[in-house]
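Undergrad:
Residue numbers (the numbering used here): 387 to 564.
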């Protein structure tokens, strides 16, 4: 059978019939909230105790992890040429991979205000105004993109981005039958 139209949910009947009953319910609500707060406080105390009981083990494991990462990186840096496929930055192992990633170039403008104004004049003289933003600051983004054009200008130094190193273990299922 099909029904076409809307069904209105009936308005719930009030549970309380006078102000005294509502006042008692408010008291009960406060008691329930205090019990909830007590349980949450107990959970927090127990959690803090659990964390404290494992703190030494976590510190030890964290130190061990840092040591392993350092040793892995050291070996990989020494053998980078033999473990990386030509033109690649990620070396795969059976249980994971290591990767080198180049950071972004950064531009650092050095000197005081007088030197800064001189840099602006030099860039304009060399027809490199695209490196200057409207508010008369050196556009570090543009300088980084075309760093070779300003390498002979004193007061601007281009720093190569720092290379990062990452270790990503693969998830391995442990055979529990063994």
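The beta carbon of each residue, even a glycine, is placed where N, CA and C say it ideally should be.
Cutting at 6 Å between CB atoms, please list the residues of its own chain near residue 492, excluding the five before and the five after it.
TA: 545, listed in sequence order.
Undergrad: Give the straight-line distance between the Cα atoms of residue 579 and residue 429, rounded to the nearest whole angstrom.
TA: Residue numbering for the chain in the displayed model covers 387 to 564; residue 579 lies beyond these limits and cannot be assessed.
Undergrad: Can you look up residue 560 in the DSSP assignment and give me helix, strand or coil?
TA: For residue 560, the predicted model reports a pLDDT of 46, less than 50, meaning its position is unreliable and no value from the coordinates is stated.
Undergrad: State the start and end residues of the unbroken beta strand (DSSP E) segment that holds residue 573.
TA: Outside the shown range of the chain (387 to 564) lies residue 573, about which nothing can therefore be said.
Undergrad: Which whole-angstrom value is the C-beta distance of residue 541 and residue 505, which I expect to be below 8 Å?
TA: Yes, residue 541 and residue 505 are in contact; Cβ-Cβ is about 5 Å, under 8 Å.
Undergrad: Pairs of beta-carbons, one from the region 520-531 and one from the region 448-456, closer than 8 Å: are there three or more?
TA: Touching, no.
Undergrad: Using a Cβ-Cβ cut-off of 6 Å (strictly less than) and excluding sequence neighbours within five positions of residue 469, which residues of its own chain qualify?
TA: Once the five neighbours on either side are set aside, the close Cβ partners of residue 469 are 477.
Undergrad: Check this for me: beta carbons of residue 496 and residue 543, under 8 Å apart or not?
TA: Contact: yes.
Undergrad: Can you say whether residue 479 is buried or exposed, counting buried as having 16 or more other CB atoms within 10 angstroms of its CB?
TA: With fewer than 16 other Cβ atoms within 10 Å, it is exposed.
Undergrad: Alpha carbon to alpha carbon, how far is residue 449 from residue 503?
TA: Residue 449 and residue 503: Cα-Cα distance of roughly 50 Å.
Undergrad: Please list the segments of the alpha helix (DSSP H) lying wholly inside the region 412-499, counting only runs of 4 or more residues, in order along the chain.
TA: Those alpha helix (DSSP H) runs which fall completely within the region 412-499 and span 4+ residues are 466-469.
Undergrad: So, helix, strand or coil for residue 539, using DSSP?
TA: Three-state result, residue 539: coil.
Undergrad: Go ahead and label residue 529 buried or exposed: buried means 16 or more other beta carbons lie within 10 angstroms of its beta carbon, across all protein chains shown.
TA: That one is buried.
Undergrad: Where DSSP assigns a beta bridge to residue 551, which residues make up the other side?
TA: According to DSSP, which records beta bridges pairwise, residue 551 is partnered with 486.
Undergrad: With the cut-off set at 8 Å, would you say residue 487 and residue 527 are in Cβ contact?
TA: Against a cut-off of 8 Å, the Cβ pair of residue 527 and residue 487 comes out as no contact.
Undergrad: Between residue 402 and the rest of its own chain, which residues show a CB-CB distance below 8 Å, the 5 nearest in sequence each way excluded?
TA: 408 and 411.
Undergrad: How would you label residue 425, buried or exposed, when you count the other beta carbons within 10 angstroms and need 16 or more for buried?
TA: The residue in question, residue 425, is exposed, as its Cβ has fewer than 16 Cβ neighbours within 10 Å.
Undergrad: Are the CB atoms of residue 535 and residue 514 within a distance shorter than 8 Å?
TA: Yes, they are a contact pair.
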